[in-house]
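Undergrad: Before we start, here is the structure in question, set down as structure tokens.
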Amino acid sequence: MRAARILLAGLVALCVSARGARGADPASCTPVRLSDVGWTDAEAVTAVAQRLFDALGYRPQVPMLTLTMTYVAMRDRRVDAFLSNWEPSGHTAIAPFLADGSVKRIATNLSGAHYTLAVPDYVWNAGLRDYKDIASWGRRLGYMIFGLEAGNDGNALVLDMIRTNQFDLGRFRLVESSEQGMLSQLDRDVQSHRPILFLGWEPHPMNMRFPIRYLTGGEAVFGPDGGASVHTVVRAGYDTACPNAARLLSRIRFSVQDENTMMLAIQRDRVKPSIVAWRWLRDHPDAWSGWLDDVVTRDGRAGRAAVEAMLGKEP
């Protein structure tokens, strides 16, 4: 009888182990390569994913790439996933890769975002409120629109408007810079009460740091009311080759407030993104707990318990 009980216990353990093994990804999926394009929102959400994968026993790697090189690297199978495909502004950059099937959208991880041209409120109050007003403000703006890094999707939309003289913007030039460079220019101009026209978006701490307003009338360029959503993208075949990792990626969701809070800590308080991500996960278990349903560690153990164990230790 005792031998039978031991045999039965062994069979049960074997079945549990087999179920875990079936849920776990193969060893080839252990490195998870997540592109970071250097935007503060991308740093925040990528750091959250990195923390989760690390807790699950994967080896997350985060190369810093431009937007275009991100999709090229995904096509070449050198990057597995990207959590910062902004739409509609990013459509031109991703469209060829969606068309040839080298990348695939698997989730919308943020809704209710905004991305369009913006001005300080004192400029808005003085009359620059709509895209059709920009041309008449040309001299006061120095015929300049301040954008982001070269190759950025929003920059491309502005350059197209200038090239085609849309909204009579043919005399304007785009000043390309980094996110921090553009924000430094905005800070200087706000301090001096000078007019400035720039690419603005939400979520971002600029909305709390500066009194800014988004222009109306740019629906044909940036979408209705400058509205935007952000999507998670994986390379072709990743969701079938690494279904457990892809399952987690497909469930990651944030609110505008979540991202504003994380980005404020990164920008204003100079906290490392990895620490910001750990604190957000620690403080918002209800937000991420459901992401781990049926997600296991690399060796087949319960994923949620592994993340909770990680959060029980100092980062």
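For the sequence shown, my numbering assigns the number 697 to the initial residue and increments by one for each residue that follows. Even glycine gets a Cβ: it sits at the ideal position worked out from N, Cα and C.
Kindly indicate which three-state DSSP category Glu955 falls into: helix, strand or coil?
TA: If you number the sequence shown from 1, residue 955 lands on position 259. Here Glu955 sits in helix by DSSP.
Undergrad: How is Glu783 classed by DSSP in three states: helix, strand or coil?
TA: Sequence index remark: in the sequence shown, residue 783 carries index 87 (1-based). Strand, per DSSP.
Undergrad: Rounding to the nearest angstrom, what Cα-Cα distance links Thr736 and Thr762 in this structure?
TA: Walking along the sequence shown from the start, residue 736 turns up at place 40. Walking along the sequence shown from the start, residue 762 turns up at place 66. When rounded, the distance between both Cα atoms is 14 Å.
Undergrad: Quick one: residues in its chain with C-beta nearer than 7 Å to the C-beta of Trp987, no 5 flanking neighbours on either side, listed in chain order?
TA: By 1-based counting over the sequence shown, the position of residue 987 is 291. Excluding positions up to five away in sequence, the list reads Leu944, Arg947 and Ile948.
Undergrad: Excluding sequence positions up to five away, which residues of its chain have a Cβ less than 7 Å from the Cβ of Asp849?
TA: Counting from one through the sequence shown, the residue named residue 849 turns up at place 153. If we look at Asp849 and ignore the five residues flanking it on each side, its Cβ neighbours are Leu763, Trp782, Ser785, Gly786, Thr788 and Ala789.
Undergrad: Are the region 806–819 and the region 884–897 in contact at 8 Å, needing three or more beta carbon pairs?
TA: yes
Undergrad: If you draw a straight line from the C-alpha of Ala1002 to the C-alpha of Ser724, how long is it?
TA: Stepping through the sequence shown from its first residue, residue 1002 is reached at position 306. Stepping through the sequence shown from its first residue, residue 724 is reached at position 28. Their backbone Cα atoms lie some 21 Å apart in a straight line.
Undergrad: Could you give the first and the last residue of the continuous alpha helix (DSSP H) run that contains Met857?
TA: Within the sequence shown, numbered from 1, the residue matching residue 857 stands at position 161. Counting along the chain, the alpha helix (DSSP H) containing Met857 begins and ends at Asp849 to Arg859.
Undergrad: Do the CB positions of Gly914 and Tyr818 come within less than 8 Å of each other?
TA: As a position in the sequence shown, residue 914 is number 218, starting the count at 1. As a position in the sequence shown, residue 818 is number 122, starting the count at 1. Contact flag unset, no.
Undergrad: Per the contact definition of three or more C-beta pairs closer than 8 Å, is the region 736–745 in contact with the region 763–774?
TA: No, they do not touch.
Undergrad: Can you tell me whether Ala717 is buried or exposed, with buried defined as 16 or more other CB within 10 angstroms of its CB?
TA: Here residue 717 corresponds to residue number 21 of the sequence shown, with the count starting at 1. Unreliable placement is indicated for Ala717, whose pLDDT of 48 sits below 50; no coordinate value is reported for it.
Undergrad: With DSSP run on the structure shown, which of helix, strand or coil describes Val744?
TA: By 1-based counting over the sequence shown, the position of residue 744 is 48. Here Val744 sits in helix by DSSP.
Undergrad: What are the partner residues of Gly923, as DSSP defines its beta bridges?
TA: The sequence position of residue 923 within the sequence shown is 227, counting from 1. In the DSSP output, where bridge partners are listed per residue, Gly923 has His810.
Undergrad: Between which residues of its own chain and Ala932 is the CB-CB distance below 7 Å, once the five residues before and five after are set aside?
TA: Within the sequence shown, numbered from 1, the residue matching residue 932 stands at position 236. Here Ala932 has Gly797, Ser798, Val799 and Lys800 as same chain residues with Cβ atoms under 7 Å from its own Cβ, once five neighbours each way along the sequence are excluded.
Undergrad: According to the Cβ coordinates, are Asp776 and Val733 closer than 8 Å?
TA: For the purposes of this step, residue 776 is taken as residue 80 along the sequence shown, with counting starting at 1. For the purposes of this step, residue 733 is taken as residue 37 along the sequence shown, with counting starting at 1. Result no, Cβ atoms of Asp776 and Val733 do not sit closer than 8 Å.
Undergrad: Between Arg975 and Tyr934, what straight-line distance do the alpha-carbon atoms span, to the nearest angstrom?
TA: Within the sequence shown, the letter at position 279 stands for residue 975. Within the sequence shown, the letter at position 238 stands for residue 934. Arg975 and Tyr934: Cα-Cα distance of roughly 29 Å.
Undergrad: Go through its chain and collect everything with a Cβ distance to Pro891's Cβ below 6 Å, but skip five positions before and after it.
TA: Residue mapping note: residue 891 aligns to position 195 of the sequence shown, counting from 1. Cβ within range, chain order: Val819, Arg836 and Leu837.
Undergrad: Answer yes if the region 958–978 comes into contact with the region 912–926, meaning at least three C-beta pairs across the two stretches below 8 Å, and no otherwise.
TA: no
Undergrad: Who are the near neighbours of Trp984 in its chain, counting only those whose CB is closer than 7 Å to its CB and skipping five residues on each side?
TA: Walking along the sequence shown from the start, residue 984 turns up at place 288. Correct list, in chain order: Leu977.
Undergrad: Tell me which same chain residues have a C-beta within less than 7 Å of the C-beta of Gly999, skipping the five on either side of it?
TA: As a first step, residue 999 is located in the sequence shown; it is residue number 303 there, counting from the start. Cβ within range, chain order: Leu752, Leu988, Val991, Val992 and Thr993.
Undergrad: To the nearest whole angstrom, what separates the beta carbons of Val871 and Met840, a pair I think is in contact under 8 Å?
TA: The residue labelled residue 871 in the question sits at position 175 within the sequence shown. The residue labelled residue 840 in the question sits at position 144 within the sequence shown. Contact holds; Cβ gap of about 5 Å.
Undergrad: Go ahead and label Thr936 buried or exposed: buried means 16 or more other beta carbons lie within 10 angstroms of its beta carbon, across all protein chains shown.
TA: Your numbering for residue 936 matches position 240 in the sequence shown. It counts as exposed.
Undergrad: State the DSSP-derived secondary structure class of Thr804, mapped to helix, strand or coil.
TA: Here residue 804 corresponds to residue number 108 of the sequence shown, with the count starting at 1. Note: Thr804 maps to strand in three-state DSSP.
Undergrad: Reducing DSSP to helix, strand and coil, say where Asp965 ends up.
TA: Numbered from 1 along the sequence shown, position 269 holds the residue referred to as residue 965. Reduced to three states, the DSSP call for Asp965 is coil.
Undergrad: Out of Leu911, Met904, Thr928 and Arg997, state which residue places its alpha-carbon closest to the alpha-carbon of Asn653.
TA: Given that the chain is displayed from residue 697 to residue 1011, the structure contains no residue 653 and the question cannot be resolved.
Undergrad: Are there 16 or more other CB atoms within 10 angstroms of the CB of Gln953, so buried, or fewer, so exposed?
TA: Here residue 953 refers to the residue found at position 257 of the sequence shown. With fewer than 16 Cβ atoms within 10 Å of its Cβ, Gln953 is classed as exposed.
Undergrad: How would you write the range of the alpha helix (DSSP H) that Gln876 sits in, first residue to last?
TA: As a position in the sequence shown, residue 876 is number 180, starting the count at 1. Segment Glu875 to Ser888, the alpha helix (DSSP H) holding Gln876.
Undergrad: Pull the bridge partners of Ala789 from the DSSP assignment, please.
TA: The residue given as residue 789 occupies position 93 in the sequence shown. Answer is none; Ala789 lacks a bridge partner.
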